[in-house]
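Asks:
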Amino acid sequence: MNDHGLSSDARCMTTSTRIGDLLCAAGELEPKELTRLLKLQESGPARPLGALAEEHAGVDPAAVEAAWAAQMSQWGGRVDPRRLYPEKDAMQLVTPRRARQFNILPVSRQGGRLSYCTTPLGLVSAHRFVTNVLGLVSEPMLAMRSDLHEAIEKHYPASSCGAA
């Protein structure tokens, strides 16, 4: 681990499978559709491939979300949430009950964005909570389950669980 709590052997996003390939592997897109969407993505303003797949190929948003979660899970880097110092403003956005329910440790808020730790298995529900309930842009960091639970207990002591 480095001084920021990040794994020193963290691989960057480029080593993960592209979301379009994941959608093809899941049977959500045909290779020809993927090629068409990639050309569309290159020719217009920058748009996420998942959004284009939903709009132009009728891919179910849940399938795009699942592919996104699978892609994020492949990233080699993990943070150690026990070594992070969550900002008070970010922590106040999530009650202790919801932190445990959604396996989420808010770390920082920058305008309309929330950076937080979660686990690969908790990624989709944490993302939905941040975007749909809090109305913020989701910036997840992945952590090991046991490390996350330890950090949640540290920052949201069990005595404060009664909050809504």
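Plus 212 on top of the position in the sequence shown (first one is 1) and you've got the numbering used here. Think of the CB as a built atom: it goes at the ideal place given N, C-alpha and C, for glycine as much as any other residue. Since this is a predicted model, take the numbers as computed values, not measurements.
For the segment 240-279, list the alpha helix (DSSP H) runs that are entirely contained and at least 4 residues long, ordered along the chain.
Replies: At a cut-off of 4 residues, the continuous stretches assigned as alpha helix (DSSP H) that sit fully inside the segment 240-279 are 243-255, 261-269.
Asks: Give the DSSP-derived three-state secondary structure of Gln304 in the structure shown.
Replies: For the purposes of this step, residue 304 is identified with residue 92 of the sequence shown, where counting begins at 1. Three-state result, Gln304: coil.
Asks: Alpha carbon to alpha carbon, what distance is there between Ala237 and Thr229?
Replies: In the sequence shown, the residue the question calls residue 229 occupies position 17. In the sequence shown, the residue the question calls residue 237 occupies position 25. Each residue's Cα considered, the two are about 11 Å apart.
Asks: Helix, strand or coil: how does DSSP classify Arg290 here?
Replies: Your numbering for residue 290 matches position 78 in the sequence shown. Shown here, Arg290 sits in coil according to DSSP, grouped into three states, outside any helix or strand.
Asks: Taking only the alpha-carbon atoms, compute the straight-line gap between Leu328 and Ala355 and give it to the nearest angstrom.
Replies: Counting from 1 along the sequence shown, the entry for residue 328 is found at position 116. Counting from 1 along the sequence shown, the entry for residue 355 is found at position 143. For the sequence presented, residue 328 should be read as Tyr rather than Leu. Whole-angstrom Cα-Cα distance: 10 Å.
Asks: Pull up the distance between the alpha-carbon of His361 and that of Lys251, whole angstroms please.
Replies: Position 149 of the sequence shown holds residue 361. Position 39 of the sequence shown holds residue 251. Looking at the two C-alpha atoms, the distance is approximately 43 Å.
Asks: How long is the line joining the alpha carbons of Leu378 and Val271, rounded to whole angstroms?
Replies: Beyond the ends of the chain as shown, which are 213 and 376, falls residue 378; an answer cannot be given.
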